[in-house]
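In the order they appear, the protein sequences are chains A and B.
Counting from 1, position 77 in the first sequence corresponds to residue 58 in this note's numbering; the numbering is continuous, with no gaps.
So the number in this note's numbering is just where the residue sits in the second sequence, counting from 1, plus 367.
Please read the structure below before turning to the comments.
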Amino acid sequence: MALIRLQNISRRYQMGGETIHALREISLEIERGEYVAIMGPSGSGKSTLMNLIGCLDTPTTGRYELNGTDVSGMDDNRLAEVRNREIGFVFQTFNLLPRSSALHNVELPLIYAGLRAEERRQVALQAIRDVGLEDRMHHRPNELSGGQRQRVAVARALVNKPSILLADEPTGNLDSRTGEEIMALFAQLSNRGNTIILVTHEEEVALNARRILRIRDGLIASDDPVAPRP
Amino acid sequence: MKLLGEFTEGLRIAWTAIRANKLRSALTTLGIIIGIVTVTLMGTAIEGLNAAFMNSVSSIGADVLYVQRRDWLIRSHQEWIEMRKRREFTLDQAKEIMDRVDFAQAMAPGDSHRASVKYGERSADGVRVFGTTWEFARVASLELMEGRFLSAAETDGGRPVCVIGSEVATNLFEGNPAVGHRLRLNGRGYEVVGVLEKRGSALGGESIDSQVVIPMRNFTLDFDPTPDITLQVKVSEMMSLDDAREELRNIVRRVRRVPPGDPDDFSINQQDQLVNMFRQVAGTIGGVGLFITGLSLFVGGIGIMNIMFVSVAERTKEIGIRKAIGAKRRTILIQFLIEAAAICLLGGLMALAISWPVTLAMRQFIPATLSPLVVSLALAVSALTGIVAGFLPAWRAARMDPVDALRSE
């Protein structure tokens, strides 16, 4: 059974009396363990698609099954639970809480999941070790480099052992070398069996994935496997 | 468990947010501080007045009925005129009543008169001389510092002896023993047989400390041949005060020959009347105080609401992040409510820090203390103000759309 199954998903917005069709009847399946890149120019609907997959938004019409559960009609609070359990977000601008330490940032999803304090600490410590930042964990985001911040974000995304790692332009704010480091980290995570969905407009970055979806005008323009690199 | 985690996280966030905006937080709390200071001082003042009042009426005795010509509380000019017309309450009537009453622990008729008191070179004018019987000590629960109270033989037979209040003793004898010495009351010699224990002053009224007590018989001889008697009846514990009062009323009507159907031409007074009247007044003062306090807290609360809206707007992005990683509406709501409550609680604590010395200053005039009740009330009110004022902003934050919130900068 597919981890993600979108059936005839549409998303429309009302903007000043005008209806914008961000997505038009998209159907899509992603299996557990896949590494998929979603590409498309701005305004193509790729952000909308990402928000829908990430359960930040709900479709206007259509059905979205995540891990066997229909999430398309869920209310705010149920969606928050699903996000907490199933989705780990990595954003272009890192989106760490500026006034909290790296460790606390990583701990946050566990607080919302309702873990006990001691357990939380242990799990968060392990997650931060996994991205190699145990010696920086008491620093605040503004005391960390861009690459380190993105690693903290990855640790936070993975700390709840979600079904999907959803990354939105994860290298967009990094220099090319650090960007490569992050992509190497993603490759590792993928090899370990994590399902990764990567939203990007850079061809070079997308080629790290094993499947590329191209979105144009609210439709899937192409859906191709990536040839393994030599 | 989940809620506890969210709660402690909320506290943490509130603390960092307040610390990050020290000046803003301080200015915002100013309104709350003023409001809570008002609450505290109001409460303290009322409690203090209460204590002062209860202290001063305690000498009246809660279980003592006072039969006399006039009512203690005269509510109108008409009442005043009516009472002036009442017949005198004579010693004979008092004696007749005492013969008929069988529910009293002790009874004593009494009247007082102003007189000059002299001992050697020292003298005092306008001292209240109180004529009564030996039982008065029991009615008023008097304690003696020195000597003894008037004896039955003295009050029945009429010997020129007296018992003096502690203040009179200090003024005339300057700390030396008074018993055995002779005073001159309006020029007539009276031997001191006892000095009363200090009772403390009564609000406005004259306490027993500054009086001279003499036998009723001598009072009629030397001061007033037709005294206007007040009969004090200390009611037995076996009987309720209301029943005793009713029975006493019937007896007095019969003794004074009030025709059936006519209104009483006397009054039976008791401590309760004063207490009730005081409660009314204190209640009114309290109500007005509460209104003023409520007004200043309301203004303070609006300040809090305003700043919380700003805080929510500033942290839209943070709200988006938290929602993305699994914060529910409830979580966000709690977070901002805690922040508002924490700001207000901080204000409440500062207000208490201000009220404390002011209370000490008030102590010069009334027995004011910052009681645990007032303290907890002040803190509860401040936290509640925060929660009420913070609700709208917190609700707005909780309902934010995560996509929009994440997009904001």
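Even for Gly, the Cβ is constructed at its ideal location relative to N, Cα and C.
(1) Could you work out which residues of chain B lie near N58/A, taking near to mean beta carbons separated by less than 9 angstroms?
(2) Using a C-beta to C-beta distance shorter than 7 angstroms, which residues of chain D count as neighbours of L37/A?
(3) Short of 9 angstroms Cβ to Cβ, which residues in the segment 676 to 688 of chain B face chain A?
(4) Helix, strand or coil for P22/A? Go by DSSP, reduced to three states.
(5) Considering just the uninterrupted stretch of the alpha helix (DSSP H) at F70/A, what are its terminal residues?
(6) Please return the same chain residues whose Cβ sits closer than 6 angstroms to the Cβ of M729/B, not counting the five positions on each side in sequence.
(7) Here's a check: name, in chain order, each residue in its chain whose Cβ is nearer than 6 angstroms to the Cβ of R549/B, leaving out the five neighbours to either side.
(8) Given a limit of 7 angstroms on CB to CB distance, which residues of the segment 382 to 398 of chain B reach chain A?
(9) Please look up how many angstroms separate the CB atoms of Q(-12)/A and G49/A, rounded, as I've assumed it's under 8 angstroms.
(10) Would you please verify whether the beta carbon of E706/B is less than 7 angstroms from any beta carbon of chain A?
(11) Between which two residues does the beta strand (DSSP E) harbouring K684/B extend?
(12) Which residues in the same chain have their Cβ closer than 7 angstroms to the Cβ of I686/B, if we skip the five residues on either side of it in sequence?
(13) Here's a check: name, in chain order, each residue in its chain whose Cβ is nearer than 7 angstroms to the Cβ of F703/B, leaving out the five neighbours to either side.
(14) Taking G372/B as the query, report the chain A residues whose CB atoms sit under 7 angstroms from its CB, ordered along the chain.
(15) Taking all protein chains shown into account, do 16 or more other C-beta atoms lie within 10 angstroms of the C-beta of I7/A, making it buried, or fewer, making it exposed?
(16) State yes or no: is the beta carbon of N65/A nearer than 7 angstroms to at least one beta carbon in chain B?
(17) Find the residues of chain A that neighbour E376/B, judging by a C-beta separation of less than 7 angstroms, and give them in chain order.
(18) Give me the Cα-Cα distance between V741/B and G428/B, rounded to the nearest whole angstrom.
(19) How is Y671/B classed by DSSP in three states: helix, strand or coil?
(20) For L188/A and N141/A, I'd like the C-alpha separation in whole angstroms.
(21) Run down chain B in chain order and give the residues with a C-beta less than 8 angstroms from the C-beta of E62/A.
(22) Considering only residues of the same chain and omitting the five flanking positions on each side of L146/A, which have a CB-CB separation below 6 angstroms?
(23) Would you call the CB atoms of S203/A and Y16/A closer than 7 angstroms?
(24) What's the C-alpha gap between L563/B and E513/B?
(25) Return the residue from the list D205/A, P206/A, R197/A that minimises the CA-CA distance to T29/A.
(26) Return the chain-ordered list of same chain residues with a C-beta closer than 6 angstroms to the C-beta of G571/B, the five sequence neighbours on each side being excluded.
(27) Given that L89/A touches chain B, what residues does it touch there, using C-beta distances under 7 angstroms?
(28) Give a yes or no on whether the minimum CB-CB distance between F75/A and chain B is below 7 angstroms.
(29) Go through its chain and collect everything with a Cβ distance to I400/B's Cβ below 6 angstroms, but skip five positions before and after it.
(30) List, in chain order, every chain B residue whose beta-carbon is nearer than 8 angstroms to that of F70/A.
(31) May I have a chain-ordered list of the alpha helix (DSSP H) segments no shorter than 4 residues that lie completely inside the segment 724 to 775 of chain B?
(32) List the endpoints of the continuous alpha helix (DSSP H) containing H444/B.
(33) Let me make sure I understand the geometry here. Which of S157/A, E150/A, A208/A has the alpha-carbon closest to that of S23/A?
(34) Which residues in the same chain as G493/B place their Cβ atom closer than 7 angstroms to its Cβ, once the five residues preceding and following it in sequence are excluded?
(35) Of the residues V528/B, R584/B, P527/B, R489/B, which one's Cα is nearest the Cα of F540/B?
(36) Give the range of the beta strand (DSSP E) segment to which T42/A is assigned.
For this structure:
(1) Your numbering for residue 58/A matches position 77 in the first sequence. Chain-order list of chain B residues neighbouring N58/A: K695, R696, R697, by C-beta distance under 9 angstroms.
(2) Of the protein chains in this structure, namely A and B, none is chain D.
(3) Only K684, E685, G687, I688 from the segment 676 to 688 of chain B bring a Cβ to less than 9 angstroms from some Cβ of chain A.
(4) Residue numbering aside, residue 22/A sits at position 41 when the first sequence is read from its first letter. Reduced to three states, the DSSP call for P22/A is coil.
(5) Residue numbering aside, residue 70/A sits at position 89 when the first sequence is read from its first letter. From DSSP, F70/A is part of no alpha helix (DSSP H) but of the beta strand (DSSP E) over 68 to 71.
(6) For the purposes of this step, residue 729/B is taken as residue 362 along the second sequence, with counting starting at 1. Closer than 6 angstroms at the Cβ level, and outside the excluded window around M729/B, lie A735.
(7) As a first step, residue 549/B is located in the second sequence; it is residue number 182 there, counting from the start. Cβ within range, chain order: G556, E558.
(8) Result list: T383, A387.
(9) The count along the first sequence starts at 1 and reaches residue -12/A at position 7. The count along the first sequence starts at 1 and reaches residue 49/A at position 68. Between G49/A and Q(-12)/A the Cβ distance is about 14 angstroms, and since that is not below 8 angstroms, they are no contact.
(10) As a first step, residue 706/B must be located in the second sequence, where it is residue number 339. No, no contact with chain A.
(11) Along the second sequence, read from residue 1 onward, the residue named residue 684/B stands at position 317. No beta strand (DSSP E) holds K684/B; the alpha helix (DSSP H) holding it covers 683 to 691.
(12) Translated into positions along the second sequence, residue 686/B becomes position 319. Excluding sequence neighbours, I686/B sits near I699, A764, M767, A772.
(13) Your numbering for residue 703/B matches position 336 in the second sequence. Once the five neighbours on either side are set aside, the close Cβ partners of F703/B are M675, V679, G757, P760, A761, A764.
(14) In the second sequence, counting from the first residue as 1, residue 372/B sits at position 5. By Cβ distance, chain A contributes I92, G95.
(15) As a first step, residue 7/A is located in the first sequence; it is residue number 26 there, counting from the start. I7/A comes out buried.
(16) As a first step, residue 65/A must be located in the first sequence, where it is residue number 84. Between N65/A and chain B, the shortest Cβ-Cβ separation is below 7 angstroms.
(17) What you label residue 376/B is simply residue 9 of the second sequence in a count that begins at 1. What E376/B touches in chain A: I92.
(18) By one-based count along the second sequence, residue 741/B stands at place 374. By one-based count along the second sequence, residue 428/B stands at place 61. In a straight line, the C-alpha of V741/B is about 29 angstroms away from that of G428/B.
(19) Here residue 671/B is taken as the residue at index 304 of the second sequence, counted from 1. Here residue 671/B is Ile; the residue named in the question, Tyr, does not match the sequence. In the structure shown, I671/B sits in a helix (DSSP, three-state: H, G or I).
(20) In the first sequence, counting from the first residue as 1, residue 188/A sits at position 207. In the first sequence, counting from the first residue as 1, residue 141/A sits at position 160. N141/A has its alpha-carbon roughly 27 angstroms from the corresponding atom of L188/A.
(21) Taking the first sequence and counting its residues from 1, the one referred to as residue 62/A is at position 81. Result: G693, K695.
(22) Here the question's residue 146/A lines up with position 165 in the first sequence. The beta carbon of L146/A sits closer than 6 angstroms to the beta carbons of G69, A138, N175, I177 from its chain, once the five residues preceding and following it are set aside; these are given in chain order.
(23) Taking the first residue of the first sequence as 1, we reach residue 203/A at position 222. Taking the first residue of the first sequence as 1, we reach residue 16/A at position 35. No.
(24) Residue 563/B sits at position 196 when you count from the first residue of the second sequence. Residue 513/B sits at position 146 when you count from the first residue of the second sequence. Using only the alpha carbons, I get a separation of about 7 angstroms.
(25) In the first sequence, the residue the question calls residue 29/A occupies position 48. The option with the nearest alpha carbon to T29/A is R197/A.
(26) The residue you call residue 571/B lines up with position 204 of the second sequence. Note that G571/B scores 49 on pLDDT, short of 50, meaning its location in the model is unreliable; the coordinates nonetheless yield the value given after this. Answer for G571/B: no residue qualifies.
(27) Here residue 89/A is taken as the residue at index 108 of the first sequence, counted from 1. What L89/A touches in chain B: I692.
(28) Taking the first sequence and counting its residues from 1, the one referred to as residue 75/A is at position 94. The beta carbon of F75/A does not come within 7 angstroms of any beta carbon belonging to chain B, so the residue lies off that interface.
(29) Within the second sequence, numbered from 1, the residue matching residue 400/B stands at position 33. Closer than 6 angstroms at the Cβ level, and outside the excluded window around I400/B, lie G714, M717, A718.
(30) Within the first sequence, the letter at position 89 stands for residue 70/A. Near F70/A (Cβ distances below 8 angstroms), the residues of chain B are A691, I692.
(31) Listed in chain order, the complete alpha helix (DSSP H) runs (minimum 4 residues) inside the segment 724 to 775 of chain B are 739 to 765, 769 to 774.
(32) The residue labelled residue 444/B in the question sits at position 77 within the second sequence. Taken as a continuous stretch (DSSP letters only), the alpha helix (DSSP H) holding H444/B covers 444 to 451.
(33) Residue numbering aside, residue 23/A sits at position 42 when the first sequence is read from its first letter. S23/A has its Cα closest to that of E150/A, out of S157/A, E150/A, A208/A.
(34) Numbered from its first residue, the second sequence carries residue 493/B at position 126. Counting only Cβ-Cβ distances below 7 angstroms, and skipping sequence neighbours, we find R481.
(35) Within the second sequence, numbered from 1, the residue matching residue 540/B stands at position 173. For the residues V528/B, R584/B, P527/B, R489/B, the minimum Cα distance to F540/B belongs to R489/B.
(36) Position 61 of the first sequence, counted from the first residue, corresponds to residue 42/A. Here the beta strand (DSSP E) through T42/A covers 42 to 47.
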